[in-house]
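J.: Dumping the structure here so I can ask a few things about it.
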Amino acid sequence: MSKKILVAICGVLLSTGLAAADLKVGVVDLRKLVDQSAQSQKSQAELKKEFQPRENKLVNEQKELKKLEEKLEKDVAVMTEADKRKLEKDLIDRGREFKRAMDEMRQDYGLRANQEMAKIQKVVQEAIQTVAKEQTFDLILVDGVAFAKDSLNITDEVEKKLAGGIKK
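Residue numbers for the sequence shown follow the working numbering, beginning at 3 and rising by one.
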């Protein structure tokens with residue numbers, strides 16, 4: 003009985019070894035594909051264009067706050083106590099508003115950047131799948147493997163597919 007089990011186990015092990023020999027594997031540098039793709043460059047430009055007016059407004063507000071601080075320091079000796087308190091209160095209020103607006107812009111930018119990254123990752127994933135199907139790969143690994151021959155790297159092919167548009 004145990005001989006039959008041993009023969010069956012050996013048969014299974016040998017057959018899986020033969021199946022693994024026919025496995026076609028590729029490796030991609032996902033970070034390079036995402037960071038250097040035309041889609042990523044376009045997305046970064048769009049984000050900059052979208053948030054530049056708000057950033058400019060905040061920079062101008064920061065300059066105004068700096069001027070108010072300098073005015074307070076320079077004129078404190080000649081100001082009445084009421085004027086001094088009013089200017090200090092104005093400075094504190096505007097400083098709070100500036101901080102709130104800055105935090106809001108950072109949150110909005112982070113949200114939009116994440117949305118754009120999700121779109122880019124989807125396009126990159128589609129390109130990887132297209133190349134894998136066209137070149138009949140059985141398995142595509144992301145570059146986080148311990149070792150892979152350069153001949154297994156298909157990043158350049160996927161980059162070309164991204165640049166040319168994905169045609170399934």
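All C-beta atoms, glycine included, are put in the ideal place defined by N, C-alpha and C.
(1) In whole angstroms, what separates the C-alpha of Glu-106 from that of Leu-74?
(2) Which runs of the alpha helix (DSSP H) at least 4 residues long sit entirely within the region 80 to 141? Give them in chain order.
(3) Tell me where the beta strand (DSSP E) around Gly-28 begins and ends.
(4) Which residues in the same chain as Leu-25 place their Cβ atom closer than 7 Å to its Cβ, once the five residues preceding and following it in sequence are excluded?
(5) Need the endpoints of the alpha helix (DSSP H) that Ala-154 sits in, please.
(6) Run the CB neighbour count on Leu-8, radius 10 Å, all protein chains shown included, and call it buried at 16 or more, exposed below.
(7) Could you pull the start and end residues of the alpha helix (DSSP H) that Asp-77 belongs to?
(8) With 16 as the cutoff for other CB atoms within 10 Å, does Val-78 come out buried or exposed?
(9) For Leu-164 and Ala-47, which I take to be in contact (beta-carbon distance under 8 Å), what is that distance rounded to the nearest angstrom?
(10) Using a threshold of 8 Å, state whether the C-beta atoms of Val-36 and Leu-143 are closer than that.
(11) Given this structure, state the Cα-to-Cα distance separating Val-61 from Lys-135, to the nearest angstrom.
(12) Considering only C-alpha positions, which residue in the set Glu-159, Ala-150, Arg-108 and Arg-98 is nearest to Ala-129?
T.: Walking through what the data contain:
(1) Each residue's alpha carbon lies about 28 Å from the other.
(2) 83 to 136
(3) 27 to 30
(4) Asp-140 and Leu-141
(5) Here residue 154 is Leu; the residue named in the question, Ala, does not match the sequence. That residue, Leu-154, is in no alpha helix (DSSP H); it is neither H nor E in DSSP.
(6) Any reading at Leu-8 needs caution, since the residue's pLDDT is 42, under 50, leaving its predicted position unreliable; the model's value is listed next. Exposed.
(7) Annotation for Asp-77: the continuous alpha helix (DSSP H) segment containing it runs 40 to 77.
(8) exposed
(9) In this structure Leu-164 does not touch Ala-47 by the C-beta definition: roughly 17 Å separates them, more than the 8 Å allowed.
(10) no
(11) Whole-angstrom Cα-Cα distance: 50 Å.
(12) Glu-159
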